[in-house]
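Here's the structure we're looking at; comments come further down.
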Amino acid sequence: MGKVVLEVKDFSFRYRQTKQKAIKNISFQVEEGSFFCIIGANGSGKSTLCNALVGLIPHYFVGKMSGEVFVNGMKVEDSTIADLSAKIGLVFQNPFNQLSYTAGTVAEELAYGLGNRGVSHEEMVKKVEYVAKLMRIDHVIHKNPLELSGGQIQRVALGSTFIMEPRVLVLDECTTQLDPLGSEEIFDIVKSLNQKGITVIMVDHEMERVARCADKIMVLDGGEIVAIDIPERIFETPDIVKHRIGVPDYVKICQSLREKGYTKREIEIAEEPTIELVKEALKG
Amino acid sequence: MKIELRNMRYVYPTGDEALKGIDLLIEGIEPVAIIGQNGAGKTTLVKHFNGILRPTSGEVLINGENIQNCSTAQWSKEVGYIFQNPDDQLFLESVRKEFEFGPLQIGMSKEEIEERMKWVATLVGLSDKLDIHPFDLTSTEKKFCSIGAIIMMNPNAMIFDEPTCGQDVDGNLRLRKIINELKERGKLCITISHDMKFVVDNFKRVIVMWKGKVLLDEKAENVFSQVETLKKSFVSPPPITKVAQGAGLRKTVFTTEAFIKVFEEQRMV
């Protein structure tokens with residue numbers, strides 16, 4: 124394993140208003156520069172874990188916590204949210220939870236975090252222009268964020284995190300408001316950031332995308348880790364569906380063809396290789 | 111149930127033309143899916159089905175009657191619209207009150223409300239959460255709460271705007287159950303969705319919107335076999351369908367079983 128950028132040690136958390144622990148004594152590490160996906164049914168603890176990674180637990184959410192989370196060796200519990208925001212950024216599931224609600228325009232919303240960091244005006248303008256273009260919201264930059272469509276607001280939320288240039292990016296179902304093409308656009312941007320060395324931690328329900336993007340997948344069920352492995356091994360395990368998660372169509376096709384003896388090859392987890400496998404099997 | 115649109119246009123107060131002459135007929139109770147890119151006009155279109163929006167020109171007829179003849183409150187007895195964002199719809203202090211509110215407005219009897227409440231709460235999976243504040247529900251439970259509140263009013267048609275967003279496997283199964291049960295009770299469901307797997311699993315008829323127009327309105331198999339036209343509207347078939355097309359299978363398939371069947375037919379020859 125390369126350099127560890129994120130470490131979770133014996134971590135548990137229970138929200139004040141609930142009886143059940145949302146996270147039950149989990150430990151794992153994430154390697155720098157990797158694409159790490161977290162999957163699991165709703166209520167399995169994915170969002171709680173995201174909140175813990177960026178320090179919203181314990182600094183914002185009240186509850187009972189034990190164990191430790193380290194980002195770049197910095198203990199989250201002992202660091203301020205402002206210090207953490209330079210290292211790790213979270214894009215929320217609901218973009219409306221992320222807006223500052225103090226900015227009059229999209230440009231101000233994007234610049235909000237930079238302002239708090241004391242970046243010069245000139246630099247700020249440059250960065251806002253760059254990110255607005257990247258997120259394809261440059262045409263609405265002078266509009267009020269609340270006048271935008273759901274998809275556009277989600278792009279603003281993503282942009283306001285990207286602009287802070289964190290080395291670790293946590294994405295919690297960050298494209299639910301976008302259409303498939305819009306989502307793909309965003310994931311292309313995320314992938315290019317990952318190729319430049321940014322560590323990505325992503326929660327997503329779209330298993331084809333998870334299989335395609337992830338170096339490693341962690342499966343959560345009832346606040347516990349049930350598996351951490353490479354995508355091929357996660358999805359080839361038949362028991363995985365017991366944890367109420369889907370399996371990519373590609374895996375289902377490959378497994379059916381294998382069961383019926385039409386191919387001897389291992390499962391594929393992406394479109395192109397699956398098509399090749401089917402073509403080969405068709406020839407007999 | 112009959113929803114009919116004749117050369118219907120809608121222009122926003124800003125001057126943007128959102129719908130550019132729509133002719134559409136939805137009749138009966140067979141569930142219909144509406145798909146298309148963000149900004150294609152899907153939500154603007156369905157908001158005309160119960161008068162939340164009024165056409166700039168052309169006609170919208172519900173069971174033969176012009177939409178202009180009644181208020182939105184009156185139409186909502188006939189056609190229920192479930193908002194994309196539950197926070198736009200929910201505003202009371204408990205799930206029970208959300209479920210009672212609409213029916214009380216339209217004068218439903220206490221007995222009927224009680225009876226429907228049991229069925230609806232079970233259907234949407236909130237039986238043990240009736241006395242909880244909607245803000246304490248998870249985002250998917252909120253969605254089911256807003257769905258339940260509309261079903262409670264017993265409209266003859268229901269419009270779901272992006273019900274799958276943020277749903278997991280169980281949530282999608284529950285939505286499927288809701289759509290099936292409503293059909294059994296003779297209700298029409300119209301659903302906007304970006305989730306193509308969900309669309310092909312649950313809908314026989316698919317309408318594709320593109321730049322304020324209806325681009326395709328056909329059986330799902332026919333829609334997803336027109337790859338080039340779909341590309342124009344930036345809609346992509348479900349992954350399994352794309353693999354079948356890529357590998358040269360000659361029929362449009364949506365399930366693993368259908369995939370294998372067509373594969374075997376072609377392999378034999």
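Line order of the protein sequences matches chains E and G.
Sequence positions in the first sequence follow the numbering used here and run 124 to 407.
Sequence positions in the second sequence follow the numbering used here and run 111 to 379.
Glycine included, each C-beta is placed from N, C-alpha and C at the ideal position.
Interface partners of residue i on chain G, CB under 8 angstroms
{"i": "Pro371/E", "result": "Pro349"}
{"i": "Pro268/E", "result": "Per Cβ cutoff of 8 angstroms: no residues; Pro268/E is ~15 angstroms from chain G at best."}
{"i": "Glu394/E", "result": "Pro349, Lys352, Val353, Gly356"}
Which residues DSSP lists as bridging residue i, in chain order
{"i": "Asp280/G", "result": "BP columns for Asp280/G are empty, so no partner."}
{"i": "Val214/E", "result": "Leu294/E"}
{"i": "Asn312/G", "result": "In the DSSP output, where bridge partners are listed per residue, Asn312/G has none listed."}
{"i": "Phe158/E", "result": "Val323/E"}
{"i": "Trp229/G", "result": "Note: Trp229/G sits in no beta bridge, so no partner."}
{"i": "Ile149/E", "result": "Phe134/E"}
{"i": "Gly190/G", "result": "Met268/G"}
Interface flag, residue i vs chain G, CB-CB below 7 angstroms
{"i": "Gly274/E", "result": "yes"}
{"i": "His265/E", "result": "no"}
{"i": "Lys187/E", "result": "no"}
{"i": "Arg332/E", "result": "no"}
{"i": "Lys375/E", "result": "yes"}
{"i": "His328/E", "result": "yes"}
Contacts that residue i makes with chain E (C-beta to C-beta distance below 8 angstroms)
{"i": "Phe373/G", "result": "Leu380, Tyr385, Val401, Ala404, Leu405"}
{"i": "Gln194/G", "result": "Gly273"}
Contact with chain E by residue i, beta-carbon distance below 7 angstroms
{"i": "Thr362/G", "result": "no"}
{"i": "Gln380/G", "result": "Absent from the structure is residue 380/G, since the part of chain G shown begins at 111 and ends at 379."}
{"i": "Thr250/G", "result": "yes"}
{"i": "His243/G", "result": "no"}
{"i": "Thr154/G", "result": "no"}
{"i": "Thr124/G", "result": "no"}
{"i": "Ile269/G", "result": "no"}
{"i": "Ile301/G", "result": "Ile is not the amino acid found at residue 301/G; the sequence shown has Thr there. Thr301/G does not count as touching chain E."}
{"i": "Ile370/G", "result": "yes"}
{"i": "His304/G", "result": "yes"}
Spatial neighbours of residue i in its chain, beta-carbon cut-off 6 angstroms, leaving aside the 5 residues before and after
{"i": "Asn264/G", "result": "none"}
{"i": "Phe159/E", "result": "Val153, Ile324, Lys339"}
{"i": "Val189/G", "result": "Phe159, Asn160, Pro265, Ala267"}
{"i": "Leu292/G", "result": "Cys299"}
Neighbourhood of residue i by C-beta, 8 angstroms cutoff - its chain only, sequence neighbours within 5 removed
{"i": "Ala330/E", "result": "Per the sequence presented here, residue 330/E reads as Met, with Ala not at that position. Here the set comprises Ile162, Phe358, Ile368, Gly369, Val370, Pro371."}
{"i": "Trp229/G", "result": "none"}
{"i": "Met227/G", "result": "Arg206, Phe209, Glu210, Leu240, Met262"}
{"i": "Lys169/E", "result": "Ile161, Ile162, Gly163, Asp295, Val326, Leu343"}
Partner residues on chain G for residue i, Cβ-Cβ distance less than 7 angstroms
{"i": "Asn398/E", "result": "A small fix is needed here, since residue 398/E is Ile in this sequence, not Asn. Those within 7 angstroms of Ile398/E in chain G are Val353, Gly356, Ala357."}
Cross-chain neighbours of residue i in chain E, by beta carbon under 7 angstroms
{"i": "Ser346/G", "result": "Pro303"}
{"i": "Thr339/G", "result": "The premise fails here: Thr339/G is roughly 15 angstroms from chain E at the closest Cβ pair, so nothing lies under 7 angstroms."}
{"i": "Thr366/G", "result": "Lys375, Ile376, Ser379"}
Neighbour list for residue i in chain E, Cβ cutoff strictly below 9 angstroms
{"i": "Arg377/G", "result": "Tyr385, Ala404, Leu405, Lys406, Gly407"}
Proximal residues of chain G, C-beta to C-beta of residue i below 9 angstroms
{"i": "Glu347/E", "result": "Correct list: empty, because the minimum Cβ distance to chain G is about 17 angstroms."}
{"i": "Ile216/E", "result": "Before going on, a small fix: residue 216/E reads as Gln here, not Ile. What Gln216/E touches in chain G: Ser249, Gly276."}
Same chain, Cβ closer than 7 angstroms to residue i, five either side skipped, listed in chain order
{"i": "Ile260/E", "result": "Val229, Gln275, Arg278, Val279, Gly282"}
{"i": "Phe373/G", "result": "Leu359"}
{"i": "Ser223/E", "result": "Glu232, Tyr235"}
{"i": "Phe215/E", "result": "Gln221, Ala280, Asp295"}
{"i": "Gly174/G", "result": "Lys112"}
Residue i beta carbon near the ligand PLP (any heavy atom closer than 6 angstroms)
{"i": "Leu283/G", "result": "Although the ligand PLP was asked about, the structure shown includes no ligands whatsoever."}
Q. Of all the residues that make up the region 158-184 of chain E, which are near chain G by a beta-carbon distance shorter than 7 angstroms?
A. So the close ones are Ala164, Asn165, Gly166.
Q: Name, going along the chain, the residues of the region 283-305 of chain E whose beta-carbon falls closer than 9 angstroms to a beta-carbon of chain G.
A: Glu296, Thr299, Gln300, Leu301, Asp302, Pro303, Leu304, Gly305
Q: Give the residues from the region 276-291 of chain G that approach chain E closer than 8 angstroms (Cβ to any Cβ), ordered along the chain.
A: Gly276, Gln277, Asp278, Val279, Asp280, Gly281
(Q) Please identify, using Cβ separations under 7 angstroms, the residues of the region 355-370 of chain E that lie next to chain G, in order along the chain. (A) Listed in sequence order: Arg367, Ile368, Gly369.
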